[in-house]
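Mapping the sequence shown onto the working numbering, position 51 (from 1) lands on 354, and the numbers just tick up by one. By construction, the Cβ of each residue, glycine as well, lies at the ideal position given by its N, Cα and C atoms. Here the structure is a predicted model, which is why all the values come from computation and not from measurement.
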Amino acid sequence: MTTPAMISHLKDTAPRFKGNPQRLKRFLIDFETLADEAKLTDTQKCTYLPRYATHRIQQLWEGLESFKKQDWKAIKDELYTLYPVTYDSYSYESEDLEALVNKSKITPIGSVEDFAAYHRIFSQMSTFLIAQKRLGEKECNKFYYQGLPPTFAAEVLERLKRKFTDKDPKHIWTMEEIHDAAIFVL
Numbered sequence: 304m305t306t307p308a309m310i311s312h313l314k315d316t317a318p319r320f321k322g323n324p325q326r327l328k329r330f331l332i333d334f335e336t337l338a339d340e341a342k343l344t345d346t347q348k349c350t351y352l353p354r355y356a357t358h359r360i361q362q363l364w365e366g367l368e369s370f371k372k373q374d375w376k377a378i379k380d381e382l383y384t385l386y387p388v389t390y391d392s393y394s395y396e397s398e399d400l401e402a403l404v405n406k407s408k409i410t411p412i413g414s415v416e417d418f419a420a421y422h423r424i425f426s427q428m429s430t431f432l433i434a435q436k437r438l439g440e441k442e443c444n445k446f447y448y449q450g451l452p453p454t455f456a457a458e459v460l461e462r463l464k465r466k467f468t469d470k471d472p473k474h475i476w477t478m479e480e481i482h483d484a485a486i487f488v489l
């Protein structure tokens, strides 16, 4: 079996870094995945990496001490220093989740697409908050249900009670249970 060649930096499907700090981690993961599939050594990764950035960034990277030493780990560390990511546009606070819940419960959900849109943004926010240990699973499940408009929430709850007849009335439904019931109702 032959080793796949490293994808050309000129291909549209190649990873490309344009200077956005929020995209550095994803770029490096994508680059390393391709480099590992092509069985590149760490030294070869160092050589190839700048080609996958814009020309101006390429010049900067090639001037880095870690690049000159061809030290892959040091290059990555230096790039993370050059492009620091703080909790910014892709981070969420619990207030953001509460605002979503409050907005969603007054927004009608009349189709699977409407519900899917709510589910996506809620999942994005809650996953981040749980990972940062700013939200617990039970609290997350409560918020998820509370974000449903009252009439729709009642229909979902009725479905849950019919499906899970043995559950304690104080049972906190999981996101998965609520999601499945909501899709069924729609």
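Quick check on the burial criterion: 16 or more other C-beta atoms within 10 angstroms. Buried or exposed for L474? Checking the sequence shown, residue 474 turns out to be His, not Leu. Under this definition H474 is an exposed residue.
Tell me the rounded alpha-carbon separation between A484 and F330. 38 Å
What does DSSP give as the partner residues of A356 in its beta bridges? F320
Within this structure, are the beta carbons of A415 and I486 separated by less than 9 Å? The sequence given here has Val at residue 415, not Ala. Yes. Within cutoff.
Per-residue burial, F320 [other beta carbons within 10 Å of its own, 16 or more giving buried]: buried
Output the distance between the C-alpha atoms of P387 and T430, rounded to the nearest integer angstrom. 22 Å
Measuring only the C-alpha atoms, how far is H358 from Q427? 33 Å
Please determine, among K328, H312, Y421, the residue with the shortest C-alpha to C-alpha distance to T350. H312
Please report the distance separating the alpha-carbon of E396 from that of L382. 27 Å
Short check: CB of A377 to CB of G322, under 9 Å? no
Top-ranked residue by Cα proximity to K464, from V488, F370, E442: V488
With a 10 Å radius around its C-beta and 16 neighbouring C-beta atoms as the bar for buried, classify P353 as buried or exposed. buried
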